[in-house]
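Here is the structure we will look at.
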Amino acid sequence: MTKVGHIYLIDDDESMRTSLSRMLKEVGYIVEDFSSAATFLEHSLPVSPAVILLDMQMPDATGLDLQEKLLQLGRKTPIIFVSGQSHPHQIVKGLKKGALDFLFKPFNLEDMLKAVADAVEFDRCQLKRISKEVETKKDYATLTPREKEVCFWLVKGLLNKDIAVKLGTTDATIKVHKARVMDKMQVESVQTLVAKYLESDLENLQNT
Numbered sequence: 000m001t002k003v004g005h006i007y008l009i010d011d012d013e014s015m016r017t018s019l020s021r022m023l024k025e026v027g028y029i030v031e032d033f034s035s036a037a038t039f040l041e042h043s044l045p046v047s048p049a050v051i052l053l054d055m056q057m058p059d060a061t062g063l064d065l066q067e068k069l070l071q072l073g074r075k076t077p078i079i080f081v082s083g084q085s086h087p088h089q090i091v092k093g094l095k096k097g098a099l100d101f102l103f104k105p106f107n108l109e110d111m112l113k114a115v116a117d118a119v120e121f122d123r124c125q126l127k128r129i130s131k132e133v134e135t136k137k138d139y140a141t142l143t144p145r146e147k148e149v150c151f152w153l154v155k156g157l158l159n160k161d162i163a164v165k166l167g168t169t170d171a172t173i174k175v176h177k178a179r180v181m182d183k184m185q186v187e188s189v190q191t192l193v194a195k196y197l198e199s200d201l202e203n204l205q206n207t
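Per numbering that gives the first Met the number 0, the sequence shown starts with residue 0, numbered consecutively.
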């Protein structure tokens, strides 16, 4: 992880890449620049927190083409589109697919730096959320099948005695399972367990 942020700058205009790279490096960003979508896909490695400054119109592929490809690859780096002309349908499509912002050339330097800073912060928060989700799923994977069932019914709001009836066992047995669930999931209250369960969409794991 970089302290300030990582910028992937993708633009077929060499002078634009040179000037933007210089300005972004001066304020502390690490900048990698690419002349096309193809070279970006071939040579870039996912880094976080980061942002993709992406030219909308390029000879080999449009910015929307690259955005679509990154979605297919599961790369979640936020995108800021840069365009020399306004195409409303492209703007709408890009934003619908998750782009954070649109900048029109020539743009104000302060506007660009604010957009970039906001996008890097978004990615920083996204990374924390994903890391937390990975840890939660790792903890959930340590539960036995019966503990997962108990966890499911706790999240649904059932009391120990009701879960015991559901699972055809005793209240005392459910208490033991519940204690193990709370310990393995690293939570001290059912409310926290519910929040973790829902945030990480564990019900889908329960059903697989």
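Glycine is no exception: its CB is placed at the ideal position from the N, C-alpha and C atoms.
Do residue i and residue j have their C-beta atoms within less than 7 Å of each other?
{"i": "A49", "j": "I79", "result": "no"}
{"i": "L52", "j": "L99", "result": "no"}
{"i": "M15", "j": "S35", "result": "no"}
{"i": "S20", "j": "M55", "result": "no"}
{"i": "Y196", "j": "V154", "result": "yes"}
{"i": "G27", "j": "L63", "result": "no"}
Measure from the alpha carbon of residue i to the alpha carbon of each residue in the options, then state which is nearest.
{"i": "L204", "options": "S188, K177, D138", "result": "D138"}
{"i": "A37", "options": "D59, M181, K24, V30", "result": "D59"}
{"i": "R179", "options": "K147, E13, K96, Y196", "result": "K147"}
{"i": "V186", "options": "E134, F103, H42, L63", "result": "E134"}
{"i": "M184", "options": "K136, E109, G97, D12", "result": "K136"}
{"i": "E25", "options": "V175, V3, F121", "result": "V3"}
{"i": "S43", "options": "S18, T61, L69", "result": "L69"}
{"i": "G97", "options": "S188, D122, H86, E198", "result": "D122"}
{"i": "E198", "options": "V175, V91, S130", "result": "S130"}
What does DSSP give as the partner residues of residue i in its beta bridges?
{"i": "V50", "result": "I6"}
{"i": "G31", "result": "Looking at the sequence provided, one finds Glu at residue 31 rather than Gly. According to DSSP, which records beta bridges pairwise, E31 is partnered with Y7."}
{"i": "S82", "result": "F103"}
Please classify residue i as buried or exposed, where buried requires at least 16 other C-beta atoms within 10 Å of its C-beta.
{"i": "C124", "result": "exposed"}
{"i": "P45", "result": "exposed"}
{"i": "S47", "result": "buried"}
{"i": "K95", "result": "exposed"}
{"i": "A140", "result": "exposed"}
{"i": "D10", "result": "buried"}
{"i": "A171", "result": "exposed"}
{"i": "L108", "result": "exposed"}
{"i": "G167", "result": "exposed"}
{"i": "L65", "result": "buried"}
{"i": "L158", "result": "exposed"}
What's the C-alpha gap between residue i and residue j?
{"i": "Q190", "j": "L72", "result": "35 Å"}
{"i": "I6", "j": "Q89", "result": "22 Å"}
{"i": "K177", "j": "D200", "result": "20 Å"}
{"i": "R128", "j": "A118", "result": "15 Å"}
{"i": "E202", "j": "F103", "result": "43 Å"}
{"i": "P77", "j": "D32", "result": "16 Å"}
{"i": "G156", "j": "R74", "result": "36 Å"}
{"i": "T1", "j": "L40", "result": "Residue placement at T1 is poorly supported in this model, since its pLDDT is 47, which falls under 50; the coordinates are not used for a value here."}
{"i": "E13", "j": "T61", "result": "17 Å"}
{"i": "L142", "j": "W152", "result": "14 Å"}
{"i": "V193", "j": "D182", "result": "14 Å"}
{"i": "A163", "j": "R145", "result": "11 Å"}
{"i": "V175", "j": "L112", "result": "54 Å"}
{"i": "A116", "j": "K160", "result": "52 Å"}
{"i": "V91", "j": "Q84", "result": "14 Å"}
{"i": "E18", "j": "E132", "result": "One point to set straight first is that residue 18 is Ser, not Glu, in the sequence displayed. Roughly 39 Å separates the two Cα atoms."}
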